[in-house]
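Those letters in the sequence shown? Residues 1 to 163, by UniProt numbering.
Virtual Cβ for every residue (Gly too), placed ideally from N, Cα, C.
See structure below.
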Amino acid sequence: PARAALAKRRVTGLAGRVLIGSLDVGYKCGQGAELSFHRQHRSSSDGSPRGLGPARAALTVWPGCGRASPKVQVYSRHPAENGKPNYLNCYVSGFHPPQIEIDLLKNGEKMNAEQSDLSFSKDWSFYLLVHTEFTPNAVDQYSCRVKHVTLDKPKIVKWDRDH
């Protein structure tokens, strides 16, 4: 298998591994730790994966690689109308490390939902969007539940149909 770490930089602990698009990013924060990137190569003939190899990327290290609690916003794509299909969104941002669990809830029960790819901001904090189709009515309650290492208990934010 191809082995190559394009960039290794000292950063100042947390440790983890996260897949961002085709980049496999490994990091470990603390004294003498390193940050490395690997990119999955594709063959020129059929486009199939051919292993990990060097990736070219500009690297900005977030000093300290600290922890940051997630900010949570719950909203619908369109103004809520009872009986009219809509999309419920839970946007979670500003968190670090990247490991997080996000669920949309209907009356406290987990809903089937889709999640965007994990992305990061200039300050190396992460963000995600979880969304699902739903049909609001006068009875059901909707919320977003977030579990993260920086939180003592899951954070639950209710959807306010008027905002």
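### Message
In the DSSP output, which residue or residues are listed as bridge partners for N86?
### Response
The bridge partners DSSP lists for N86 are F134.
### Query
Looking only at DSSP bridge pairs, what is K147 linked to?
Note: K147 sits in a beta bridge opposite E101.
### Task
For Q141, write down the residues that DSSP places opposite it in a beta bridge.
Q141 is not bridged to any residue.
### Task
Return the chain-ordered list of same chain residues with a C-beta closer than 6 Å to the C-beta of K71, the five sequence neighbours on each side being excluded.
For K71, where only same-chain residues beyond five positions count, the Cβ hits under 6 Å are S93 and G94.
### Task
Specify the secondary structure class of L128 as computed by DSSP and reduced to three states.
Residue state, collapsed to three classes: strand.
### Task
Mind checking who K155 pairs with in its DSSP beta bridge?
Looking at the DSSP output, K155 bridges to V146.
#### Entry: Within 8 Å, strictly: CB atoms of A80 and P136
Yes, these two residues count as a Cβ contact at 8 Å.
### Proximity to E133 [Cα-Cα], best of I156, D140 and E114
Minimum Cα distance to E133 is reached at E114.
### Task
Return yes when the Cβ of N86 is within less than 8 Å of the Cβ of H78, no when it is not.
Their beta carbons are under 8 Å apart, which means H78 touches N86 by this criterion.
### Query
Which value, in whole angstroms, describes the spacing of the CA atoms of V149 and N107?
Cα to Cα, the separation comes out at about 25 Å.
### Message
I'd like the list of long-range same chain contacts for R161, defined as Cβ closer than 6 Å, with 5 residues on each side in sequence excluded.
### Response
These residues qualify, in order along the chain: A80.
### Message
Am I right that N89 and A138 are in contact with their C-beta atoms under 8 Å? What's the rounded C-beta distance?
### Response
Actually they do not touch by this definition, with Cβ atoms about 21 Å apart.
### Message
For the beta strand (DSSP E) containing S76, name the first residue and the last one.
### Response
Per DSSP, the continuous beta strand (DSSP E) segment holding S76 begins and ends at K71 to S76.
### Best match in S76, I102 and K84 for proximity to L151 [C-alpha to C-alpha]
Out of S76, I102 and K84, I102 has the C-alpha closest to the C-alpha of L151.
### S116 burial status per 10 Å Cβ neighbour count (16 or more: buried)
Note on S116: under 16 other CB atoms within 10 angstroms of its CB, so exposed under the neighbour-count rule.
### Task
Tell whether a beta-carbon distance below 8 Å holds between L104 and V130.
Taking 8 Å as the Cβ cut-off, L104 and V130 qualify as a contacting pair.
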